[in-house]
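To start, the structure itself, in structure tokens.
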Amino acid sequence: MTISDKRIWKNNQIIKKITVLFFCISLASVAHSQVQIKIATLAPQNSDWANRFNDGSKEILERTEGRIKLKFYWGGAQGGAKKNKQKIKIGQLQGGTFSPNDFQANFPDLNIYGLPFLFKNLDEVGHVRNLVDDELTAGFKKLGFNTYGFASGGFAYIMSNEPIKGYDDLKDKKIWLPQGDLISYRAMKALDLLPVSLPITDVLTGLQTGLIDIVAIPPVVALALQWHTKVKYVTKIPVLYVMGFLAIDSKVIKRLRPDDEAVLSEVLTGIYDDVDQTSEKDTENAMQALLNIGLIEVAFDENEYNKLTDLLIEPNREMADNGMFSTELYDKIFMYINNYRKNASINN
Numbered sequence: 004m005t006i007s008d009k010r011i012w013k014n015n016q017i018i019k020k021i022t023v024l025f026f027c028i029s030l031a032s033v034a035h036s037q038v039q040i041k042i043a044t045l046a047p048q049n050s051d052w053a054n055r056f057n058d059g060s061k062e063i064l065e066r067t068e069g070r071i072k073l074k075f076y077w078g079g080a081q082g083g084a085k086k087n088k089q090k091i092k093i094g095q096l097q098g099g100t101f102s103p104n105d106f107q108a109n110f111p112d113l114n115i116y117g118l119p120f121l122f123k124n125l126d127e128v129g130h131v132r133n134l135v136d137d138e139l140t141a142g143f144k145k146l147g148f149n150t151y152g153f154a155s156g157g158f159a160y161i162m163s164n165e166p167i168k169g170y171d172d173l174k175d176k177k178i179w180l181p182q183g184d185l186i187s188y189r190a191m192k193a194l195d196l197l198p199v200s201l202p203i204t205d206v207l208t209g210l211q212t213g214l215i216d217i218v219a220i221p222p223v224v225a226l227a228l229q230w231h232t233k234v235k236y237v238t239k240i241p242v243l244y245v246m247g248f249l250a251i252d253s254k255v256i257k258r259l260r261p262d263d264e265a266v267l268s269e270v271l272t273g274i275y276d277d278v279d280q281t282s283e284k285d286t287e288n289a290m291q292a293l294l295n296i297g298l299i300e301v302a303f304d305e306n307e308y309n310k311l312t313d314l315l316i317e318p319n320r321e322m323a324d325n326g327m328f329s330t331e332l333y334d335k336i337f338m339y340i341n342n343y344r345k346n347a348s349i350n351n
């Protein structure tokens with residue numbers, strides 16, 4: 004090989020290396036610009052939730068110039084919460100919508116808001132959430148998830164095929180609890196009631212077959228999941244406070260450009276803020292819709308409600324002492340509620 008041939012060969016090698024380098028850079032750029040975030044949810048495809056998420060997804064896609072695409076799987080198409088968490092862990096999904104009891108095993112403090120008969124009205128809830136929400140959000144960060152606020156679902160009301168007017172009417176009735184909700188299970192057992200644990204996807208069938216007699220659910224959810232078609236009565240007492248949230252694996256968030264992450268956070272936080280703010284009005288509208296459809300509203304005796312509240316004070320404290328959730332956080336929330344009630348009583 005002549006000196007000239009060697010130079011040509013060397014130049015060709017350099018050109019090949021440069022070509023490969025630019026090709027790799029190009030691939031990295033494409034991969035970075037096409038981050039797809041797959042999210043599973045129980046929300047039906049034609050629901051208000053779906054419309055909000057679809058609008059938000061379009062805004063994110065446009066404002067990030069196509070670099071972030073949200074893909075939703077509606078109506079439990081990817082399975083229940085437990086399965087979705089497993090899929091997130093292995094990378095088949097990047098996020099999902101959840102309720103607090105879905106994280107009972109690794110974040111039990113989140114369930115304190117949903118203790119049965121803890122709150123009497125949404126004003127109490129709002130007061131406590133202003134003081135505690137940030138602490139719960141920080142807890143999710145430690146678990147490796149980004150969240151974008153908690154969306155209030157309002158209070159769960161009793162829905163049944165027989166009128167429920169007091170504590171005695173609850174006895175000997177099979178009461179549905181979400182699968183994995185150990186806290187509510189303990190509370191129901193403390194009240195000598197009959198909890199039946201089922202996945203949310205099996206509740207409609209459970210009502211139809213008589214496997215369960217009573218559900219406690221927000222009116223909005225009852226309408227969305229069609230549970231109202233299998234019950235006759237609704238008892239409007241605040242059994243427990245319900246909220247939901249979107250959790251996305253922090254690993255996929257770290258792959259985003261900072262400005263794109265800011266857009267994603269802004270849009271998703273805005274959706275959850277909006278739902279949270281309109282929750283009370285949505286609950287009222289859904290409740291009226293249930294009555295218009297033909298469900299019969301039943302009054303629950305106030306003294307009976309206070310009896311249930313008092314009966315659960317000691318069991319709730321025992322659950323905290325037994326490590327089912329933080330004693331410190333429970334005591335803080337209980338103090339916040341009592342102080343709020345005292346001030347409300349003085350002002351009235």
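Residue numbers (my numbering): 4 to 351.
Beta carbons: idealized from backbone N, C-alpha and C, even for Gly.
All of these numbers come straight from a predicted model, not from anything done at the bench.
What did DSSP end up calling residue i once you bin it into helix, strand or coil?
i: A108; result: coil
i: W52; result: helix
i: I299; result: strand
i: I217; result: strand
i: R258; result: coil
i: Q280; result: helix
i: Q81; result: coil
i: D126; result: helix
i: Q291; result: helix
i: I167; result: coil
Work out the CA separation of residue j and residue i for me, nearest whole Å.
i: A84; j: I299; result: 32 Å
i: I28; j: N133; result: Only weak support is given to the placement of I28: the predicted model assigns it a pLDDT of 42, under 50, and the value that follows is read from those uncertain coordinates. Computed Cα separation, rounded: 46 Å.
i: V38; j: A46; result: 23 Å
i: F25; j: V266; result: Low per-residue confidence applies at F25: pLDDT is 43, beneath 50, and the placement is therefore not dependable, though the value from the model is reported in the following sentence. If you take the alpha carbons of F25 and V266, they lie about 29 Å apart.
i: L197; j: N109; result: 26 Å
i: F337; j: A292; result: 34 Å
Since residue i is in the beta strand (DSSP E), which residue starts that stretch and which ends it?
i: G157; result: F148 to S163
i: Y339; result: Premise fails: Y339 lies in the alpha helix (DSSP H), T330 to N350, not in any beta strand (DSSP E).
i: K239; result: Y236 to D252
i: I178; result: K177 to P181
i: L197; result: L197 to L201
Report the CB separation of residue i from residue j in whole angstroms; it is logged as a contact under 8 Å.
i: T238; j: V301; result: 5 Å
i: A219; j: V234; result: No, A219 and V234 are not in contact; Cβ-Cβ is about 11 Å, not under 8 Å.
i: S200; j: L180; result: 5 Å
i: F2; j: G169; result: This structure gives no information on residue 2, because the portion of the chain shown stretches from 4 to 351.
i: P318; j: A190; result: 6 Å
i: Y333; j: I115; result: 6 Å
i: R260; j: R70; result: 7 Å
i: G99; j: T44; result: 6 Å
i: P103; j: L118; result: In fact, because the Cβ distance is near 10 Å, the residues do not count as touching under 8 Å.
i: T67; j: D252; result: At roughly 18 Å, the Cβ-Cβ gap does not stay under 8 Å, so T67 and D252 are not in contact.
Just reading off the alpha helix (DSSP H) that residue i is part of, what are its end residues?
i: E68; result: Where E68 is concerned, there is no enclosing alpha helix (DSSP H), given that its DSSP letter is neither H nor E.
i: P222; result: P222 to A227
i: L113; result: No alpha helix (DSSP H) holds L113; DSSP gives it neither H nor E.
i: P318; result: I316 to D324
i: K85; result: A84 to K92
i: I186; result: L185 to A193
i: G209; result: V206 to T212
i: D304; result: Run containing D304: none; DSSP gives neither H nor E here.
i: L173; result: Y170 to L173
Please name the residue or residues paired with residue i in a DSSP beta bridge.
i: Y1; result: A query on residue 1 cannot be resolved here, the shown segment of the chain reaching from 4 to 351 and no further.
i: F101; result: F248
i: V38; result: I71
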